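K.L.:
In terms of this note's numbering, the sequence shown has 109 at position 64, counting the first letter as 1, and numbering is strictly consecutive.
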Amino acid sequence: MVRFALLSLFLSATVFSADKPNVVLLYADDLGYGDVSCYGSKTISTPNMDRLAAEGLRFTDGHCAAATCTPSRFAMLTGEYAFRQKGTGVLPGDAKLIIPPGRATLASVFKSAGYRTGVVGKWHLGLGDGGLDWNGPIKPGPLEIGFDHSFIMAATGDRVPCVFVENHRVVGLDPADPIQVSYKEPFPGEPTGKANPELLKMHPSHGHDMALFNGVSRIGYMKGGKSALWKDEDMGDTFTAQAVKFIESAGKGPFFLYFAAHDPHVPRVPHPRFAGKSGMGPRGDAILQFDDNVGSILAALERLGLKDNTLVLLSSDNGPVVDDGYKDDAVEKLGDHKPAGPLRGGKYSAFEGGTRVPFIVRWPGRVKPGVSHALVSQVDFPASFAALTGQKGPESARDSQNVLAALLGDDATGRPELVEQGGPLALRQGKWKFIPPTPGPAKSKNTNSEIANAPQPQLYDLSKDLGERENLAGTTPERVKQMAEALEKARKPAE
Ligand code: NG6
Ligand code: CA
46 MVRFALLSLF LSATVFSADK PNVVLLYADD LGYGDVSCYG SKTISTPNMD RLAAEGLRFT
106 DGHCAAATCT PSRFAMLTGE YAFRQKGTGV LPGDAKLIIP PGRATLASVF KSAGYRTGVV
166 GKWHLGLGDG GLDWNGPIKP GPLEIGFDHS FIMAATGDRV PCVFVENHRV VGLDPADPIQ
226 VSYKEPFPGE PTGKANPELL KMHPSHGHDM ALFNGVSRIG YMKGGKSALW KDEDMGDTFT
286 AQAVKFIESA GKGPFFLYFA AHDPHVPRVP HPRFAGKSGM GPRGDAILQF DDNVGSILAA
346 LERLGLKDNT LVLLSSDNGP VVDDGYKDDA VEKLGDHKPA GPLRGGKYSA FEGGTRVPFI
406 VRWPGRVKPG VSHALVSQVD FPASFAALTG QKGPESARDS QNVLAALLGD DATGRPELVE
466 QGGPLALRQG KWKFIPPTPG PAKSKNTNSE IANAPQPQLY DLSKDLGERE NLAGTTPERV
526 KQMAEALEKA RKPAE
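Written as structure tokens, this is what we have:
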């Protein structure tokens, strides 16, 4: 009897550790399908991501939920498509938190399964509940929606405030030099990109001519908080060190880490050790920096003996963009590099390049290395990780499907259908891609990105035409009609 009890204790301990792996989500910002060498790029070398792919499962049809950051992350964390909720577009740095405290999130799913949960890096989902005082406690934020620990920037590197927030406080703030933030009016006496171009080391190409720090002008105005200002060159290393610290301090139980890197988003100001290394200017160098940061986090997992029992998932929040508002040589030095690989469009686009992104799952011993063509989306994370941790998916995660079997390589198909949010909404059904007639310019004037707006419906067979060049809408009107109806049904706002 005693022996039996001991045996079952042993078994349940084994089952526990195999069932509840640590989960590390390595998330790039604006990294394209073609920006990684294991996705076929011959123009850039990303050895750490390549190693992850070689040891794991590389998805060729893995998607973020939207072609810009805020809606993409909103959907990934809540399991609800962002287009159902107003106010989920790209947010200014002083926006309030758009996920109501108490709502189930990817983080709370892990937390309720006994995980210690942490976020490090780019947040961009708003903070506070309106009129936030950056000098006091900063909440609600990540800690109010399921994270135990957070070390974040509020929005983006090109938006004020240019400081890090750890849990409820700005890091390194001197109370004698309080922070003021405005997205309306400049602060008299503070330098701006517009008034002080002589102070710039990188000039804007569109917008980005407001608050000026560290030789880079940004969106929005800020005053004070001098001792707390980040140094763009150190941001990758700072986030990586924080991620490793979180892993080291997670203790015995399982942990979930959302590592939200800023690279290769603008402004691209990588550490000098990467400068000039890609031959593609700061955008390429920032990709090398992300790859290096990934390598450091993977090395920490190995050093701590956590590699085998950690599911690492690597992806990006939206497709790539070359000129996103700074004259940083990205256009001039692009050469033959194709940031979206064989895909059309990129960031801001409803073509595949907008949401089809690098997507790799590694879990040694459980996930067989290889390539998967299953259709999966980040909006599926809440339901899928609920399933991984033996729970029911949250009810509010209404668009999140349990695709755990696909993520683990046991199912080759994934979702039957997926809505892609670019400028227009598009619908995938297996190999078919439908984009409804949408008014507006075909290309974004500033970024030169092909948004996919067109007066006529577009239908592509991705199995033969991955680059979405041959519009079949005229030849198969029944399918156009059926997919237009399916998209109308899917796009209904939440009740
Ligand atoms: C745009 C910015 C762009 C980038 C983007 C958000 C201008 C002219 N362009 O409005 O630089 O910040 O917003 O990117 O301001 S995202 O990846 O966070 O969605
Ligand atoms: Ca982004």
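Glycine is no exception: its CB is placed at the ideal position from the N, C-alpha and C atoms. All values reported here derive from a predicted model rather than from experimental measurement.
Please go through the same chain and pick out, in chain order, the residues whose beta-carbon is closer than 6 angstroms to the beta-carbon of A111, but skip the five residues on each side of it.
P.N.:
Cβ within range, chain order: S117, A127 and Q466.
K.L.:
Over the uninterrupted alpha helix (DSSP H) stretch that includes A120, give me the two end residues.
P.N.:
Where A120 is concerned, the enclosing alpha helix (DSSP H) stretches over C114 to T123.
K.L.:
Going by Cα to Cα distance, which pick from K352, P92, D95 and N338 is closest to G166?
P.N.:
Minimum Cα distance to G166 is reached at N338.
K.L.:
So, helix, strand or coil for T521, using DSSP?
P.N.:
Coil.
K.L.:
Which residues share a DSSP beta bridge with N67?
P.N.:
In the DSSP output, where bridge partners are listed per residue, N67 has T355.
K.L.:
Can you give me the Cβ contacts of D174 inside the same chain, cut-off strictly under 8 angstroms, excluding the 5 residues immediately before and after it?
P.N.:
Contacts found: K141, L142 and P185.
K.L.:
Using 8 angstroms as the threshold, is the C-beta distance between T285 and L257 below it?
P.N.:
No, the Cβ-Cβ distance between T285 and L257 is not below 8 angstroms.
K.L.:
Rounded to a whole number of angstroms, what is the C-alpha to C-alpha distance between Y266 and P66?
P.N.:
Y266 and P66: Cα-Cα distance of roughly 43 angstroms.
K.L.:
Going by C-alpha distance, which of G298, A99, G326 and M247 is nearest I89?
P.N.:
Among G298, A99, G326 and M247, the Cα nearest to that of I89 belongs to G326.
K.L.:
Tell me whether M280 sits in a helix, a strand or coil according to DSSP, three-state version.
P.N.:
Helix.
K.L.:
Assign V376 to buried or exposed, taking buried as 16 or more other Cβ atoms, counted over all protein chains shown, within 10 Å of its Cβ.
P.N.:
Its Cβ having fewer than 16 others within 10 Å, V376 is exposed.
K.L.:
Specify the secondary structure class of G329 as computed by DSSP and reduced to three states.
P.N.:
Reduced to three states, the DSSP call for G329 is helix.
K.L.:
Please confirm if the region 415 to 429 is in contact with the region 443 to 453, defined as three or more CB-CB distances below 8 angstroms between the two stretches.
P.N.:
Segments in contact, yes.
K.L.:
I need the straight-line Cα distance from A345 to I292, nearest angstrom please.
P.N.:
Their Cα atoms are separated by approximately 8 angstroms.
K.L.:
Relative to ligand 2, what is the chain-ordered list of residues with a Cβ closer than 5 angstroms to any of its non-hydrogen atoms?
P.N.:
Cβ atoms closer than 5 angstroms to ligand 2 belong to D74, D75, C114, D362 and N363.
K.L.:
Should D506 be counted as a contact of ligand 1 given a C-beta to heavy atom distance under 7 angstroms?
P.N.:
Not under cutoff, so the answer is no.
K.L.:
Would DSSP call R129 helix, strand or coil?
P.N.:
R129 falls in the helix class under three-state DSSP.
K.L.:
What are the residues that DSSP puts in a beta bridge with H194?
P.N.:
Looking at the DSSP assignment, H194 forms a beta bridge with G163.
K.L.:
In whole angstroms, what separates the C-alpha of D381 from that of K131?
P.N.:
Each residue's Cα considered, the two are about 39 angstroms apart.
K.L.:
Just grab the DSSP bridge partners of F232 for me.
P.N.:
None, per the DSSP bridge assignment.
K.L.:
Rounded to the nearest angstrom, what separates P242 and A120 at their Cα positions?
P.N.:
Roughly 38 angstroms between the two C-alpha positions.
K.L.:
In the structure shown, what three-state DSSP assignment does P317 receive?
P.N.:
Helix at P317.
K.L.:
Check L177 in the structure and name its three-state DSSP category.
P.N.:
In this structure, L177 counts as coil in the three-state DSSP scheme.
K.L.:
In terms of residues, what are the limits of the alpha helix (DSSP H) holding V154?
P.N.:
Where V154 is concerned, the enclosing alpha helix (DSSP H) stretches over L151 to S157.
K.L.:
With M267 as the anchor, note down where its beta strand (DSSP E) starts and where it stops.
P.N.:
Note, M267: beta strand (DSSP E), Y266 to K268.
K.L.:
Buried or exposed: which applies to K413, given that a residue is buried once 16 or more other Cβ atoms fall within 10 Å of its Cβ?
P.N.:
It is exposed - the Cβ of K413 has fewer than 16 other Cβ atoms within 10 Å.
K.L.:
Per DSSP, what are the beta-bridge partners of T483 in this structure?
P.N.:
Answer is A499.
K.L.:
In chain order, what residues of the same chain have a beta carbon less than 7 angstroms from the beta carbon of K476, not counting five sequence neighbours either side?
P.N.:
Once the five neighbours on either side are set aside, the close Cβ partners of K476 are D506, L507 and S508.
K.L.:
Which residue marks the beginning of the beta strand (DSSP E) containing L302, and which one marks its end?
P.N.:
Counting along the chain, the beta strand (DSSP E) containing L302 begins and ends at F300 to A305.
K.L.:
Report, in whole angstroms, the separation of the C-beta atoms of D308 and D74, which I expect to be a contact under 8 angstroms.
P.N.:
Indeed, because the Cβ distance is near 6 angstroms, the residues count as touching under 8 angstroms.
K.L.:
What does the alpha-carbon distance come out to for the pair D374 and V205?
P.N.:
Looking at the two C-alpha atoms, the distance is approximately 24 angstroms.
K.L.:
Suppose only complete runs of 4+ residues qualify. What are the alpha helix (DSSP H) ranges in the region 439 to 488, listed by chain order?
P.N.:
Fully enclosed alpha helix (DSSP H) runs of 4 or longer: 449 to 452.
K.L.:
Express the C-alpha separation of P299 and D254 in angstroms, rounding to a whole number.
P.N.:
Going by the C-alpha atoms only, they are around 44 angstroms apart.
K.L.:
Kindly indicate which three-state DSSP category F209 falls into: helix, strand or coil?
P.N.:
If DSSP states are grouped into helix, strand and coil, F209 belongs with the strands.
K.L.:
CA-CA distance, P11 and K239?
P.N.:
The requested residue 11 does not occur in the structure, where the chain is confined to residues 46 to 540.
K.L.:
With 16 other CB atoms within 10 Å as the buried threshold, where does S294 fall?
P.N.:
So S294 ends up on the exposed side.
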